[in-house]
Every structure is written in structure tokens, then in C-alpha cells.
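Novice:
Number of protein chains: 2
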Amino acid sequence: MTALSIIPVTGLPEVRPGDVLAELIAGAAALEDGDVVVVTQKVVSKAEGRLEPVDPDDPRGQRAIIERESVRVLRRRGDLVISETRHGFVCANAGVDLSNVDEGYAALLPVDPDRSARRIRDGLRARLGVSVGVIVSDTFGRPWRQGVVDVAIGCAGVAAVVDLRGTRDASGRELQVTEVAVADELAAAAELVMGKASGVPVAVVRGVDPTWLREASVRREIVRPPGEDLFR
Amino acid sequence: MTALSIIPVTGLPEVRPGDVLAELIAGAAALEDGDVVVVTQKVVSKAEGRLEPVDPDDPRGQRAIIERESVRVLRRRGDLVISETRHGFVCANAGVDLSNVDEGYAALLPVDPDRSARRIRDGLRARLGVSVGVIVSDTFGRPWRQGVVDVAIGCAGVAAVVDLRGTRDASGRELQVTEVAVADELAAAAELVMGKASGVPVAVVRGVDPTWLREASVRREIVRPPGEDLFR
Chain B
1 MTALSIIPVT GLPEVRPGDV LAELIAGAAA LEDGDVVVVT QKVVSKAEGR
51 LEPVDPDDPR GQRAIIERES VRVLRRRGDL VISETRHGFV CANAGVDLSN
101 VDEGYAALLP VDPDRSARRI RDGLRARLGV SVGVIVSDTF GRPWRQGVVD
151 VAIGCAGVAA VVDLRGTRDA SGRELQVTEV AVADELAAAA ELVMGKASGV
201 PVAVVRGVDP TWLREASVRR EIVRPPGEDL FR
Chain A
1 MTALSIIPVT GLPEVRPGDV LAELIAGAAA LEDGDVVVVT QKVVSKAEGR
51 LEPVDPDDPR GQRAIIERES VRVLRRRGDL VISETRHGFV CANAGVDLSN
101 VDEGYAALLP VDPDRSARRI RDGLRARLGV SVGVIVSDTF GRPWRQGVVD
151 VAIGCAGVAA VVDLRGTRDA SGRELQVTEV AVADELAAAA ELVMGKASGV
201 PVAVVRGVDP TWLREASVRR EIVRPPGEDL FR
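Here it is as C-alpha cells:
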């Protein structure tokens with residue numbers, strides 16, 4: 001096991017609807033085969049035009065957008081809504097975000113974040129000739145624990161979950177805990193060099209286990225089917 | 001913002017009750033001021049003698065230990081128990097673990113993981129003259145998302161949560177999402193070089209934001225008071 005590097009990608013221009021993210025990233029980052037590129041949801045949503053006009057002084061209008069983006073509300077307290085999105089994510093306000101967006105607009109989650117990741121991956125391959133993994137990340141709260149962390153909402157070319165079933169621990173006993181959500185850990189690691197306020201929406205993780213680089217999907221591997229969930 | 005490195009610490013001996021972890025880590029890692037040392041719960045529990053004899057073929061005996069380590073059971077399905085520990089962590093089997101422990105023993109969580117982290121930090125300062133942050137990590141499942149991730153259960157000398165309240169995003173608007181659980185993100189990042197089966201229980205994160213290096217506590221900063229929790 002060798003060291004990993006987590007490298008912030010600076011110098012990206014402000015992203016606007018219609019921008020091709022792969023082109024912007026290719027112009028700002030020196031990528032190598034096997035890198036994992038983590039891109040925050042906000043710039044993906046902006047590039048894909050997932051923006052919705054909203055009056056910042058109209059909480060009812062904001063609530064209407066959140067309801068429309070939700071398939072089910074799990075909890076409500078004051079202004080806070082915890083709901084399930086069409087993708088199966090459970091998060092605050094259905095992932096609708098008012099920060100880091102032009103005044104008067106809300107950013108909605110990408111329609112299909114795995115596809116968003118695939119498009120960036122394909123675009124980077126076409127432009128730079130490199131084969132990289134791509135993760136689209138977002139910032140989620142958690143039950144029972146304070147503070148938010150970044151998690152993966154989409155991926156391409158890098159595993160969402162690595163299955164260690166059947167492998168043995170250092171003393172030869174079969175492992176109890178077997179499936180590691182490496183895409184979530186990569187998203188969390190990338191956030192450490194982004195900072196919420198510093199405007200660095202992309203980071204590169206270099207040195208990941210090459211066996212993790214394969215076709216993958218957050219939706220298929222990480223979103224837990226409601227029937228198997230003890231907290232839904 | 002500069003790059004981070006995540007460096008696995010290899011060559012540690014098998015840890016036994018009574019071992020001084022700071023001494024073992026000091027002998028295996030070239031540490032620098034400002035590093036964050038992430039140590040997995042398993043070796044902390046072993047060094048602190050938090051081992052309990054258990055018959056691997058006696059599920060009732062195992063369940064009794066889990067009940068004793070729990071203050072409240074939240075969910076139960078088959079063999080799986082989701083419970084709250086004395087520390088306020090909500091996790092599977094009250095954090096009691098049978099893997100990577102000698103046959104016939106279960107590892108219980110440290111009594112006070114913040115104190116465990118402090119002891120390692122103080123020991124590293126005494127031995128190497130360096131000032132580092134220390135995180136004790138463990139592997140937790142999550143509701144709604146498949147796969148496990150490493151999180152912080154104790155810390156010393158490095159923030160558990162960084163408060164960005166009042167700072168402004170790149171467009172000058174006040175941030176909505178303000179408190180980032182950097183200790184959890186550091187634990188997740190470290191796991192990426194540990195691997196569940198490879199027997200690397202310690203990793204070093206080099207290059208973290210120096211403002212994060214302060215007195216801190218997972219218990220005070222991350223454990224959410226039950227009254228504020230929507231899912232308890």
C-alpha cells in the first residue's frame with residue numbers, strides 16, 4: 001500500500017450552464033492514468049443547467065422546489081426537511097442548495113449523477129488520452145453525528161463499494177465487515193482540500209488501489225434498497 | 001490550499017494489552033509537526049486491554065456482551081443490533097468486534113476514545129518532540145447508504161468539527177452549510193490506505209490546514225445530543 005496524494009485543482013473559471021466540465025478540468029489539471037477526479041455537485045448542476053429561479057425572501061417558493069424534488073419526506077423540523085430524492089438519496093432539503101449559486105437561483109441535484117460522472121470521464125479521455133475515475137460529490141448531514149461530510153452521489157470508472165467478502169484479516173479469520181464505500185471515502189478525502197468557502201470545486205486523488213478502477217455506479221452500489229433499510 | 005498526503009504506517013508489531021501505542025508508532029513513523037495520525041480503534045482497544053473472552057460458537061454470549069455495551073437498542077434484525085453506546089455513538093453491535101482479534105476474544109470500544117487519542121498525542125510529543133493531531137477511528141455503517149466508512153470516535157490536537165459559520169462563499173453569500181466534520185473526513189481518508197485485510201492500523205495525513213490543529217473532542221463536537229436528533 002503506497003501513499004495517496006489529494007491535490008486541489010485551482011484556476012477553474014466560474015462554471016455556467018452549457019459549459020463542458022471535462023474541457024474546463026482538462027485545462028486546469030495535469031491528470032495521469034489511474035487518478036480519481038472528484039467534482040462537487042454544485043458545478044455539475046451549474047454546467048447541466050439544473051438551476052431554478054427562486055426568490056431568496058420567499059421561503060414558500062423554496063419549500064415548493066424542495067417538495068417537487070422529493071419523493072418522500074422523512075422528517076421535518078422548522079425550516080429543515082429530510083427527504084428522499086428520486087435517486088434514493090436521503091438528505092436535507094432534497095439536495096436543493098442556495099449557497100455558491102447566483103443570487104435568485106437554487107441548484108438542484110443532477111438528474112443522473114452517475115451519468116454526469118461518466119460524461120466527465122469520457123470527456124477527459126477524449127481530450128487528454130487518460131483513463132481516470134470520476135466521482136460527483138455532495139455535502140450531506142448524518143443522523144446521530146454533528147457536522148456535514150462529503151459523499152459520492154455519482155461515479156464512473158471507480159468503484160463505489162469494494163467487496164472484501166471472503167478475504168481474511170491479518171490473523172486468518174474471515175472478515176465480518178466486508179463492503180467498504182470507497183467512493184464516499186474518496187469524496188470525504190477530496191473535501192479536505194476544497195474548503196467550503198474557498199471555491200475549489202475539483203480535486204484529484206492520486207495513488208488509489210488500481211483494482212478499484214472499474215465500471216461502477218453509486219445508484220446501484222451505495223443507495224440502499226428501502227426494503228433493506230432499518231431507518232426508512 | 002496545498003496538497004495532502006496520506007501515508008500508511010507499515011512495520012508495526014502485533015499490538016498486545018499493555019503496549020504503549022505512542023512508542024510503537026514513534027518507532028515506525030517519521031512524523032512532522034502538524035501531521036495528523038489516524039489510529040484504528042482495534043489496536044487502541046488491544047493496547048488498553050479492552051478484550052473480552054467470547055466463544056465464537058456461542059451467539060448468546062456474544063449478544064450478552066453487545067447488550068452490556070449498549071445503553072439503548074435502536075433496531076434489531078436477525079443477528080444485527082443497532083444500538084447506542086455509552087459514548088453516544090450509534091453503530092452496529094455497540095462497536096464490539098470479532099475480526100482482527102485473537103480467536104476467543106472480542107474487542108470492545110475504548111472507554112474514552114478522546115482520552116486514548118490524547119494519550120497517544122502526549123506520548124508522541126514526549127518521545128519525538130513533535131506536535132501532531134491524533135484521531136482514533138472506527139468502521140461504521142450508515143442508514144440509507146450501503147457500505148461502511150471509517151469515522152472518528154476520538155481526537156486530540158485536531159478539530160472534530162470546523163465551524164465555517166459567518167464565512168461567505170465565492171459569490172459573497174453567507175454559507176448555509178457551516179459545520180464540517182473534518183475528523184470524520186480525515187478518518188475516511190486514512191482508511192483508503194489501510195485496507196481492511198492488509199493489517200495497516202495507522203496512517204499519517206500530512207498537510208492539513210494548520211488552523212484545524214487545536215484542542216478538540218469527538219464526544220463534545222460530533223456526538224449529537226439525543227434531544228436534537230431527528231432519528232433517535
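Residue numbers (the working numbering), protein chains in the order written: chain B, 1 to 232; chain A, 1 to 232. Every residue, glycine too, gets a C-beta built ideally from N, C-alpha and C. All figures in this text were calculated on a predicted structure; none of them were measured in a lab.
1) Compute the Euclidean distance between the alpha carbons of T2/A and P56/A, then round it to the nearest angstrom.
2) Thinking V81/B and V71/B are a contact (beta carbons under 8 Å), I'd like their distance in whole angstroms, please.
3) Can you tell me whether P17/B is buried or exposed, with buried defined as 16 or more other CB within 10 angstroms of its CB?
4) By alpha-carbon positions, which one of L51/B, A189/B, V182/B and V218/B ends up nearest to D209/B?
5) Run down chain A in chain order and give the residues with a C-beta less than 7 Å from the C-beta of D19/B.
6) Could you tell me the alpha carbon to alpha carbon distance between V44/B and A189/B, rounded to whole angstroms?
7) Between the beta-carbon of L230/B and the beta-carbon of R75/A, is there less than 7 Å?
8) Assess, as a yes-or-no matter, whether the stretch 45-64 of chain A is touched by the stretch 148-161 of chain A under the definition of 3 or more beta carbon pairs within less than 8 Å.
9) Between which two residues does the alpha helix (DSSP H) harbouring I65/B extend?
10) Based on the DSSP output, what are the partners of F140/A in its beta bridges?
11) By alpha-carbon positions, which one of L12/A, R214/A, V202/A and L124/A ends up nearest to D163/A?
12) In chain order, what residues of the stretch 65-91 of chain B put their CB closer than 7 Å to some CB of chain A?
13) What number of angstroms, rounded off, separates the C-alpha of I153/A from the C-alpha of I25/A?
14) I'd like to know whether the C-beta atoms of L109/A and A22/A end up nearer to each other than 7 Å.
15) Identify whether E84/B lies in helix, strand or coil by the three-state DSSP scheme.
16) Closer than 7 Å, CB to CB, is S137/B near chain A or not?
17) From this set, E67/A, A30/A, P225/A and A107/A, which residue's C-alpha is nearest V54/A's C-alpha?
18) I need the boundaries of the beta strand (DSSP E) containing S5/A, first residue and last residue.
19) My output table needs one value for L186/B: the three-state DSSP class, helix, strand or coil.
20) Return the residue from the list T178/B, G199/B, E221/B and E69/B that minimises the CA-CA distance to P8/B.
21) For a contact meaning CB atoms closer than 9 Å, what does L213/A contact in chain B?
22) Under 7 Å between C-beta atoms, does R236/B make it to chain A?
23) Helix, strand or coil for P53/A, going by three-state DSSP, please let me know.
24) If the cut is a Cβ gap below 8 Å, which residues of chain B does L186/A touch?
25) Classify P113/B as buried or exposed, calling it buried when 16 or more other Cβ atoms lie within 10 Å of its own Cβ.
26) What does the Cβ neighbour count give for G11/B, buried or exposed, with the cut at 16 atoms within 10 Å?
27) Beta carbons nearer than 8 Å to chain B: which residues of the stretch 18-49 of chain A have them?
28) So R16/A contacts chain B; which residues on that side make the cut at Cβ distance below 7 Å?
29) Give the single residue among D122/B, T178/B and R142/B whose Cα lies nearest to the Cα of V134/B.
30) Just the Cα atoms here: how many angstroms apart are A64/B and V96/B?
31) Please confirm whether R77/B and I222/A have their CB atoms less than 7 Å apart.
32) Might you give, ordered along the chain, the residues of its own chain that have their beta carbon closer than 6 Å to the beta carbon of I66/B, omitting 5 neighbours on each side?
33) Going by the CB atoms, is the gap between V132/B and D19/B shorter than 7 Å?
34) From D138/A to D58/B, what does the alpha carbon distance come to, in whole angstroms?
35) Just tell me which of R224/B, R206/B and E179/B has its CA closest to the CA of A30/B.
36) If the criterion is Cβ atoms closer than 7 Å, does the pair V37/A and V193/A meet it?
Specialist: Quick answer:
1) Their Cα atoms are separated by approximately 48 Å.
2) Not really, about 13 Å apart at Cβ, beyond 8 Å.
3) Taking all protein chains in view, the Cβ of P17/B is surrounded by fewer than 16 other Cβ atoms within 10 Å, so the residue is classified as exposed.
4) Per the Cα distances, V182/B.
5) Those do not exist, as D19/B stays about 16 Å from chain A at its closest Cβ, beyond 7 Å.
6) Rounded to whole angstroms, V44/B and A189/B show a C-alpha spacing of 19 Å.
7) It is a contact, given that the beta carbons lie within the stated cut-off.
8) When C-beta atoms of the stretch 148-161 of chain A are compared with those of the stretch 45-64 of chain A, fewer than three pairs fall below 8 Å, so the two segments do not count as touching.
9) Residues P59 to E69.
10) According to DSSP, which records beta bridges pairwise, F140/A is partnered with V149/A.
11) Taking only the C-alpha atoms, the option nearest D163/A is R214/A.
12) Taken in chain order, the members of the stretch 65-91 of chain B whose beta-carbon sits within less than 7 Å of a beta-carbon on chain A are R75, R77, I82 and V90.
13) The alpha-carbon atoms of I153/A and I25/A are separated by roughly 19 Å.
14) Contact: no.
15) The three-state reading of DSSP puts E84/B in strand, counting E and B together.
16) Answer no: the Cβ-Cβ gap between S137/B and chain A never drops below 7 Å.
17) Closest in alpha carbon position to V54/A, among E67/A, A30/A, P225/A and A107/A, is A107/A.
18) Boundaries of the beta strand (DSSP E) harbouring S5/A: L4 to P8, taken from the DSSP string.
19) Look at L186/B here: in three-state DSSP terms it is helix.
20) The shortest C-alpha separation from P8/B is found at G199/B.
21) Among the residues of chain B, none has a CB under 9 Å from the CB of L213/A; the nearest is roughly 14 Å distant.
22) The structure shown does not extend to residue 236/B, since chain B is modelled only from 1 to 232, so the question has no answer here.
23) Looking at P53/A - three-state DSSP - the assignment turns out to be strand.
24) Close to L186/A, with beta-carbon spacing below 8 Å, are these residues of chain B in chain order: L192.
25) Residue burial is scored here from C-beta neighbours: P113/B has at least 16 other C-beta atoms within 10 angstroms and is therefore classed as buried.
26) In this structure G11/B is exposed. Its beta-carbon is surrounded by fewer than 16 other beta-carbon atoms within 10 angstroms.
27) Against chain B - using a Cβ distance shorter than 8 Å - the stretch 18-49 of chain A contributes no residues.
28) By Cβ distance, chain B contributes nothing, its closest Cβ being about 13 Å from R16/A, past 7 Å.
29) Cα-wise, what sits closest to V134/B is D122/B.
30) Roughly 11 Å between the two C-alpha positions.
31) No, the Cβ-Cβ distance between R77/B and I222/A is not below 7 Å.
32) Correct list, in chain order: V81, N93, A94 and V96.
33) Going by C-beta atoms, D19/B is not nearer than 7 Å to V132/B.
34) Distance between the alpha carbons of D138/A and D58/B is about 43 Å.
35) When each option's Cα is compared against that of A30/B, the closest is R206/B.
36) It is not a contact, given that the beta carbons lie outside the stated cut-off.
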